[in-house]
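Residue numbers (my numbering): 43 to 188. Below: the structure, in structure tokens.
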Amino acid sequence: MTQPPPEGTQLAQLKAAATELMLQVEQLNKESSTTIEDVARTAVKTRRFTWALAVSLALDVALTTVLGLVIDTQQDNSDKIAAVVRDVETAQGIQRQEALCPLYQLFLDSESKVPPNQTPEQLAERTKAFGIIHKSYDSLECAKLK
43 MTQPPPEGTQ LAQLKAAATE LMLQVEQLNK ESSTTIEDVA RTAVKTRRFT
93 WALAVSLALD VALTTVLGLV IDTQQDNSDK IAAVVRDVET AQGIQRQEAL
143 CPLYQLFLDS ESKVPPNQTP EQLAERTKAF GIIHKSYDSL ECAKLK
């Protein structure tokens, strides 16, 4: 039979094992403490990023809405400007017709009255001038005003 080891040795072994266990527990506590601190820091960063993302999203929605309103207002203004331009062009066209058509009509009425003693060059110039007057009379649609 084997004899049990002396009690002093067993006690020393238990003491050594307990000391080793305590050292391992302390090491584990340090590691878990570090891990918990890391998790807490990460949670804080995550919360900050979440708030930053929420603010960014709110700004994006606000700016998109403002941009949409600006574009809509610009389109309305462009439409109004185009309408004013059309009205001005129409008014100018009518004024041009009312002022120039009677004048062109006077010129055209005098076309049949050829002055005597004109050279062929003068007659060619006269014909060319009356061609321009006819063209202008037609482009203003003066015949519709009669």
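A virtual CB, placed ideally from N, CA and C, is assigned to each residue, including glycine.
- Ala104 and Phe91 have their C-alpha atoms roughly 20 Å apart.
- Taken atom to atom, the span from the alpha-carbon of Leu142 to that of Asp114 is near 42 Å.
- Gln147 is positioned such that its CB atom lies closer than 8 Å to that of Cys184.
- Each of Leu150, Glu167, Thr161, Gln52 was checked against the Cα of His176, and the nearest Cα belongs to Leu150.
- Annotated as distal: Gln139 and Leu101, with beta-carbon spacing of 8 Å or more.
- Cβ contact annotation for Leu53 (same chain, cutoff 7 Å, sequence separation greater than five): none.
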